[in-house]
Every structure is written in structure tokens, then in C-alpha cells.
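Visitor: Top line first, the protein sequences correspond to chains R, W and D. Count along the first sequence from 1, then add 1; that gives the number in my numbering. Count along the second sequence from 1, then add 27; that gives the number in my numbering. Count along the third sequence from 1, then add 457; that gives the number in my numbering.
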Amino acid sequence: MDAHRTPAGTYAKVLGALLTLTVITVLAAGCEFGSWNVIIALGIASIKASLVALFFMHLRQDKPMSAIIFVTGAAMLGVFLMICTVDSNARGENAVRPATRETGAAGLRAVQGSPSPTAERR
Amino acid sequence: MSDNYLSSPRGFKSWLTTVDHKRIGVMYLASILFAFLLGGIFAMLIRIELLKPGHNIMSADTYNRVFTLHGAIMIFLFIIPSIPAALGNFVLPLMLGAKDVAFPRLNLASYYIYVAGALLAVTAMVTGGVDTGWTFYTPYSTTTNGSVGLMTFAAFVLGFSSIFTGINFIATIHKLRAPGMGWFRMPLFAWGIYATAIIQVLATPVLGITLLLIIMERVFSVGIFNPQLGGDPILFQHFFWFYSHPAVYIMILPGMAIISEVIPCFSRKTIFGYKAIAYSSIAIAGVSFLVWGHHMFVSGQSPLANVIFSFLTFLVAIPSGVKVFNWIATMYKGSISLEAPMLYAISFLLLFAIGGLTGLFLGALATDVHLHDTYFVVAHFHFVMMGGTVMAFLAGLHYWWPKMFGRMYSEKWARVSAALIFVGFNVTFLSQFVLGSRGMPRRYYNYLDQFQPLHVFSTVGSWILGLGFVIMAGYLWASLRRPLEAPANPWGAVGLEWQTASPPPEHNFEKVPIVTGEPYDYSTPEPEAAEVQA
Amino acid sequence: MSATAAPPGEFLQHHFTTAEQQADAGKIGMWLFLVTELLLFGGLFVGFAIMQSLHREAFVAAHRHLDRMLGFINTVVLLTSSYTMAMAVHNARTDRRKRVIVYLLLTLICAGIFLGIKYVEYSHKFHEGLLPGRFYSHKGDTVPGQFMFFSFYFMMTGLHGLHILGGMVVMAWVLRRAVRGDFSHSYYTPVDLTGLYWHLVDLIWIYLFPLLYLIK
């Protein structure tokens, strides 16, 4: 059995840090940092996530395989997000674009008027 | 005759509640073969309809349903589970010297989840069918009538079966290898299954959420894929292919894994380049996640994404090439014998090479513009999936058949069947490369008169192919009615699975094997890869 | 100090040779499962990110309907439940049966509070007509297209809520086994693995909260 040598007190300290970071992120969201707001919010979230993963989930003490599995999964998700975003942003002027806000709203009204495909049976 | 896993414990209920990986493998085998029959019948119907342009034996709407179901059944109910769940479940623990997989109860759950998914899929078929193609592209799939929601939910359920199998195999390979079996003494079949399992775990959940989103669009019109609501239908294709491209490597990697077992045995020679083959399996798994956009070159995806994906697609061909060269090098100056498993393995080498090479035409942007959505694509994927995976599956089935059931099949009839299948396959699908390059679109019910001769040729091929499979069903069934006479090692093969009885006892080995030798050691006349010690 | 613990051999399955091998295998299996959950939710995150970048104004306007205070309280509750879960595992590993039971109960209570607050939030949304997709019926929007945000809000928090519910069911089963005295320093895998699952559910919320409630 792998030895989790985390003393009980450490868990309490981690909780303290997590709660503090949560307060900070809420306060930061109330301020205007422009495009930095997103980075700050996600950055703090990532610190919190790392604390949970390293301490509560014992990635610090466990055999490396657990961390390798987790990081690989996160990396794949990162690849997926990155390429979809790059593609979405790179579609040029003549690309088929999703509806503008006006036509989006009109589209919604049209959809609200008709029953869903599941409601109609052949 | 001493007890084996088939005979003891007795009773129908003992099969339904079994956690024995061998019994679960056999149940999977029966199920996927049934799915293959069902998908095959749909294929024959498609080819009969295409004997002449326009209406032949079914309406256009029915035709759309038939090709959708052919695809969905073959992919989700047959090929994805086939080698891992049917053969892998049976053979992997034996090859590793283990008593079972890491999570035997999860294994049984995987099987029942598969059955549940299959029942849902059949229900979808009979309550209205699906006409979207197995790829469920939006916005058609989110607005058309029919049982799309039910079918996508069936695929969602089947995905969990695949995920749990993958989790089980990774844990098994990490923790349950026999004493002395380090990673590089493991058979290459295990490496292939390991790489497959990585893909199963990482890719399938994204399919899961994609299918759920189709259902959400149909029920709630959430908007994500609907252009009228501000959504992006190309985003659907990103979501769908992020799984479905790696999925094709879920299909081929286990097939390659089998070839790595069969060729050394029937060349009586150790595998050439063990580490290269092992690493290339992992490399294929990794790179497979980076190429999905090559299914989307003409979808409206950005030119930047097109270029990135095309380049990466060329990269993924390299590890596959490494394997093919290593297999051929294994055969070079070997002592070749042409029993059925080897006939299928050699067929694999030729047909997979053709399939893989034609992938390059499709991976190149300029040529893909002309070939996309034509019969060239249909031929390409049938060459790799059927000429590749199915041939490898048949090689493995024949190779491990005596181990699984304790009986040999008729070698003569096996050769007849292999010849018919090889000839039938080529007649059916080589003609489709020509059809596609001349402009015949895929999924089309009607076509120009000039394409008819090749369509007829292809359909006749499908009858030869079908006959080959009917004969195979015949001699395999007949073999089960013979007495249990197969020796432990009928092929003189190297590997722990051959060190125990055919069929094996319930607990696999009388004594825990301890591995001291290298894998594929065919250097001595009586090969012993492992010493089974007290 | 130590309550009557079950003999270590009792839970060793036949195909494993040592308890450590079995525990290691279980841990690998659970981490693999967690990665599948990460990718399942991840798809929704990717969809949200792309749709938000295409409809920034609508998403910003829509998210103002969310109650930040309730979201903050729920975050605090879930983080606390992660702490109590970690303590339950710690006490299982150190043979403190009664504390295991207490901490598991606290975790269940926190989970219940979380779902209760979510129920309050959902009720408010239903009243206001802030519903997903075709069911969106909120009046008086100056920025159109806000239905898409609520599509994602309900899908993501709904799927998350289902996972909380599932986690509670598993925790109740583990609690029952703890009461029975199954766990000790030589066998506490079910508590350990349930803990891992619960922390992942917390991790997902750690990202959901800022994305849905805070980001402009």
C-alpha cells in the first residue's frame, strides 16, 4: 500500500488556501482588468485545481503512473480545444459563418414555433 | 478428459454470471459474429440495389437507412469490439501468464453494456430507422425524422463498453504480467492492445458528449450545431472526428497486433525489430489524435487547419510503414508454412498496404478535393478495415481457435474459404477505387449509366465474398462438433498461452509461469518462450 | 484507537497475488476512468469556449442573470466536501472507523446542500423563463441570443449535478461498508477511489464556477 504521508493538518491548510483563492477570484471578477479578467480567473482556477490534485488526490505521493494518466488526458483535451479554436478563428471573410444575433433570434423564434423532430413520428 | 473453462462450472446461469475472461471472450465472439452477419446482410442488400441505377429492390429512403445501418452496425457493434473484446479478452491474460484481467466484474459489465447498446440499436432500426449516414452530420441529424435519438443513445451506451474494456486492459498489462515478464518480454499483441486501450479511454468520451449533444439539439434545440441559431455545424464535425479518427486506429492496432503474433510463428523466426514495432504502436496511438481534420478538408474548415491536418496525416503513415517492413523482414529467409492463419496474415500485408497507400491520396489536399465523398473513399476504408482488420481478425480467430475450443477446423475448407474471401474482396473493392476516381459519389442511390458495369462487377464480388464466409461458418461450426482433441500447442508456437491445455482450465495455469526467455524465440526446434516452473 | 478491522486477506481477489498489487490496479483503473470524465465534460467546455467567442455580448448579458453569491456559496460547500472526503480517506488509512463515518456523513451533507442550492437556482431560472434552447422565454432582453448561454448552463451544471448524485449513491454504499468495519490500514481502496472520483467532481466545478458565473 503506498504510504500517504500527508498529515491531517495539511488537508486543513489546503482547504484554507482553496477558500482564500475562491474569495480572491470573486473579488477580481468585480474589478475591470479588461482581457486579463479571463486569464486571472482561469489562472486561479488552475491553481486551485492543482492543489486539489496534488494534495487531496495524492498525486504528490503516489507512483508517477497516476499523474502520467491525468496529464495525458488533460493534454489531449488541450489539443482538442486548441485546434478547434484555431480553426474557428481562422475561417476567413468568405467562410460560412454562424448566424448574427438578429438572425439567431429569428431562428430561435422559428424553432420555438415548430415541434421537435422527436415529437413527429412517421 | 479433465475439466476446462467450457465444461466447468456447468449450467446456463453460470455463463450469465461468469467473471471468467475466457467465457466473456466467447460470449463477445458470438455476439460480434452475429453483428457481422447482420451488417453483412445489409451490405449484400446495398450491392443488389446498386446493380442498376434508380429503383431496384428498395426506395431511396430505405436505401439511406440501409447504408446508415450497415455502417453503424459494422463499426459500433462489430469491428470496434471485435479483436479486443472477443479475442483480446480470451488471449491477453493467458499471454501475460495471469489468472484473469484486472477487473473481472467490470469485464462482465462491459459485456452486458454491449448487449444493452445492441438492443437499443436494434430497437432504433425497427422503430423508424436512421438515414443520416453513420456519421450523423448536423444539421440533418438534428432535424430529420426517424430514430436518430435512440440510435445515438445506443452508440453512447456502446461507448461505455469500449471504455471499460480499455480501462481493464491497461490495468491488466501494468499489474498482472507474470514474474519475469518485463515490458519488453511481453508479446507484441499485448503492446497493440495497450495502445488500442489508450485510444479507447481518451477518445470515446468525446464521442459520448457529441452523441449527447445531438440528442440535446433534437430535444432542446440548444443551438451549438445549428447555424440558424448561431451554432456551427463544422464544430460538430470536429467533435465527431476527434473520436472517429482515433477510432479507426482502435480498429487497426489490434489487427496489427495479431499479425505480429502469427507471422513469426508461421515463419519459424523471431520477429524483426521488436522494439520498433512496440514503439510504433504507441506512436500510432499518439499521432492518431492529431489528424482528424483530414475528414473535413472540404467541409468549410479553415485553410490553415487543412494544411496542419494534411501534414500530420502524412506523419501517421510512418509508424505503420515501419511495421509492414518489419513483418516482411521477419518472413525473409524464414521457414514459411501456409496454414489458414498465415494465409490471412499475408492477405493482410497486401491489402493493408494498398489501403494505407490509398490513404495518402486522400491525405493530400489537392487530390482529396476530387476524391472526397466518392467511392474511392469507400474503397480505401474497406481495404484498411476489411482487408486489414477483418483479415487480421480471421488470422487470429483461426490461430487461437484450437486454444479456445480444443478442436481443429478443416484446413482444406479453410483454404477454400480464404481463397474465396481474398478473390471476392478484391473484385468487390478494387473496382470501387476506379468508380470513385471516375466520379461515382458515395451514398448515392442513383447513378449515371456509365458506372453500371463496375457496379455489377463489384456486386458479383460481394457474392463471392459472401460465399467464402458461408463456407467459413460451416467448417467452424462443424469443428465444434468434433471431439476435444487439439493439443496444447498445435502450431508449435512460442507464447504462454500455448503452455496450457487447449481449452485451458478455468484458472488458466496449473502453476504460475515464470518468464526467463525472450519473446518469439523460435531458434530451437522445440521453442520454449517461458519455463513453467513449480 | 483501532476498531475491529477486517482481516486483510478477506478482500484480496483471487487473480491478484498481493494486496498492494490489487490496490495499485484499482488506482490505475480509477484514474483512467477520471480521465474519461475529464474528456466528457471537456467537450462541453470546448463547445462553450467556441460559442462564447462567437457570441460574446449575448453570453456576457446572459450570465448576469446568475446569482454570484449562490455560486460562491456552492463553491465553498463543494471545496469543504472535498476536504471532508480527504479526511475520510485519511482516517480509513489510519484505522479510525468512527471518524471515517463522521467525515463521510459530512461529505454527504455538503453534497446535499450543493444540490439544494442548485435546486433554488434552477427554480429561479424556470420562473424567469431562462431556459435552454427552444424553451427560452425570458422577456425584455436587449441583447438577443441569450438562450445559447442557458443551453450550456443547464447542460454543464446538469451533467455535473448528475455526477454529484451518482457520487452520493456510491458514498452511501461506502458508508455502509465503513459501518460494517470493512476498512483498515491494509484495505481502504473503496474509500480512496471514491475520494478520487469526488475530487474530480470538485475539480470540474472549480472551472465551471468562474466560466459560468464570473467571466465577462
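Note that beta-carbon positions come from the ideal geometry of N, C-alpha and C, so glycine has one too. Quantities reported herein were computed from a predicted structural model and do not represent experimental measurements.
1. Rounding to the nearest angstrom, what Cα-Cα distance links residue 454/W and residue 489/W in this structure?
2. Residue 544/D touches chain R at which residues, Cβ-Cβ below 7 angstroms?
3. Our contact map puts residue 530/W next to residue 418/W with C-beta atoms below 8 angstroms; I'd like the distance itself, whole angstroms only.
4. Helix, strand or coil for residue 107/W, going by three-state DSSP, please let me know.
5. Taking DSSP as the reference, what is the three-state secondary structure of residue 531/W?
6. What do you reckon, are the CB atoms on residue 595/D and residue 662/D nearer than 9 angstroms?
7. Quick one: what's got a C-beta closer than 8 angstroms to residue 133/W's C-beta in the same chain, skipping five residues either side?
8. Taking Cβ to Cβ, would you say residue 123/W is nearer than 9 angstroms to residue 205/W?
9. Listing by chain order, which chain D residues have their CB less than 7 angstroms from the CB of residue 335/W?
10. In its own chain, which residues sit with a C-beta less than 8 angstroms from the C-beta of residue 507/W, not counting the 5 before and 5 after it?
11. Is it buried or exposed, residue 560/W, if we count other Cβ atoms within 10 angstroms and call 16 or more buried?
12. Thinking residue 422/W and residue 456/W are a contact (beta carbons under 8 angstroms), I'd like their distance in whole angstroms, please.
13. Can you pull the chain D residues whose beta carbon is under 7 angstroms from the beta carbon of residue 235/W, in chain order?
14. Rank 256/W, 160/W, 308/W by C-alpha distance to the C-alpha of residue 601/D and give the top, closest one.
15. Could you check what DSSP says for residue 599/D in three-state terms: helix, strand or coil?
16. Between the segment 209-225 of chain W and the segment 533-549 of chain W, do three or more beta carbon pairs fall short of 8 angstroms?
17. I think residue 332/W touches residue 320/W, with their Cβ atoms under 8 angstroms apart; what is that distance to the nearest whole Å?
18. Can you list the alpha helix (DSSP H) stretches of 4 or more residues lying completely in the segment 46-74 of chain R, in chain order?
19. Just to confirm before moving on: does the CB-CB distance between residue 536/W and residue 126/W stay below 9 angstroms?
20. Which same chain residues end up closer than 7 angstroms to residue 382/W when comparing Cβ atoms and leaving out the 5 residues on each side of it in sequence?
21. Quick check: the Cα distance between residue 184/W and residue 137/W, rounded to an integer number of angstroms?
22. For the putative contact between residue 270/W and residue 230/W, defined by C-beta atoms under 8 angstroms, what is the C-beta separation to the nearest angstrom?
23. Are the C-beta atoms of residue 326/W and some chain D residue less than 9 angstroms apart?
24. Would you decide whether residue 480/W is buried or exposed? Buried here means 16 or more other CB atoms lie within 10 Å of its CB.
25. Classify residue 141/W as helix, strand or coil using the three-state DSSP reduction.
26. Are any of the Cβ atoms in chain D nearer than 9 angstroms to that of residue 248/W?
27. Assign residue 630/D to one of two classes, buried (16 or more other C-beta atoms within 10 Å of its C-beta) or exposed (fewer than that).
28. Any beta carbon from chain W within less than 9 angstroms of residue 81/R's own beta carbon?
29. Quick one: is residue 593/D near chain R, going by C-beta distance under 9 angstroms?
30. At 7 angstroms on the CB atoms, spell out the chain D contacts of residue 46/R, in chain order.
31. Give a yes or no on whether 9 angstroms exceeds the smallest Cβ distance from residue 201/W to chain D.
32. Pair every Cβ in the segment 145-158 of chain W with every Cβ in the segment 95-110 of chain W, then say whether three or more of these pairs are closer than 8 angstroms.
33. Going along chain W in order, which residues have a C-beta closer than 7 angstroms to the C-beta of residue 68/R?
34. Just to check my reading of the structure: residue 52/R and residue 19/R have Cβ atoms closer than 8 angstroms, yes? What is that Cβ distance to the nearest angstrom?
35. Measuring only the C-alpha atoms, how far is residue 503/D from residue 12/R?
36. Can you say whether residue 595/W is buried or exposed, counting buried as having 16 or more other CB atoms within 10 angstroms of its CB?
Guide: This is what the structure gives:
1. Cα-Cα distance, rounded: 8 angstroms.
2. Under the 7 angstroms cutoff, chain R gives 9, 12.
3. The pair is not a contact, with the Cβ atoms about 25 angstroms apart (cut-off 8 angstroms).
4. In the structure shown, residue 107/W adopts helical secondary structure according to DSSP, grouped into three states.
5. DSSP places residue 531/W in coil when its eight states are reduced to three.
6. The answer is no: Cβ separation not under 9 angstroms.
7. For residue 133/W, where only same-chain residues beyond five positions count, the Cβ hits under 8 angstroms are 191, 194, 195.
8. Less than 9 angstroms divides the Cβ of residue 123/W from the Cβ of residue 205/W.
9. Going along chain D, no residue has its Cβ under 7 angstroms from residue 335/W, so there is no contact; the nearest lies around 17 angstroms.
10. Result list for residue 507/W: 432, 434, in chain order.
11. Note that residue 560/W has pLDDT 36, beneath the 50 cutoff, so the model's placement of it is unreliable and no number is given.
12. Actually they do not touch by this definition, with Cβ atoms about 19 angstroms apart.
13. Within 7 angstroms of the CB of residue 235/W, the CB atoms of chain D belong to 497, in sequence order along the chain.
14. Ranking 256/W, 160/W, 308/W by Cα distance to residue 601/D puts 256/W first.
15. In the three-state scheme derived from DSSP, where H, G and I count as helix and E and B as strand, residue 599/D is classed as coil.
16. Contact between the segment 209-225 of chain W and the segment 533-549 of chain W is present, because at least three Cβ pairs lie under 8 angstroms.
17. With 8 angstroms as the limit, residue 332/W and residue 320/W qualify as a contact, their Cβ atoms being about 5 angstroms apart.
18. Counting only runs of 4 or more, we get nothing.
19. It is a contact, given that the beta carbons lie within the stated cut-off.
20. Cβ neighbours of residue 382/W beyond the five flanking positions: 407, 410, 411, 414, 415.
21. Roughly 10 angstroms separates the two Cα atoms.
22. Rounded, the Cβ-Cβ distance is 5 angstroms, consistent with contact.
23. Closer than 9 angstroms: no.
24. Flag for residue 480/W reads exposed.
25. Residue 141/W: helix per DSSP, three-state reduction.
26. Taking Cβ atoms only, chain D reaches closer than 9 angstroms to residue 248/W, which makes this a yes.
27. Residue environment for residue 630/D: exposed (fewer than 16 other C-beta atoms within 10 angstroms of its C-beta).
28. Cβ-Cβ to chain W under 9 angstroms: yes for residue 81/R.
29. At least one chain R Cβ lies under 9 angstroms of residue 593/D.
30. Under a criterion of Cβ atoms nearer than 7 angstroms, the residues of chain D adjacent to residue 46/R are, in order, 663, 664, 667.
31. Chain D contact via Cβ: present.
32. Short answer: they touch.
33. By Cβ distance, chain W contributes nothing, its closest Cβ being about 14 angstroms from residue 68/R, past 7 angstroms.
34. The pair is a contact, with the Cβ atoms about 6 angstroms apart (cut-off 8 angstroms).
35. Between residue 503/D and residue 12/R, the alpha-carbon positions lie close to 32 angstroms from each other.
36. Residue 595/W lies beyond the stretch modelled for chain W, which goes from 28 to 561, so this question has no answer here.
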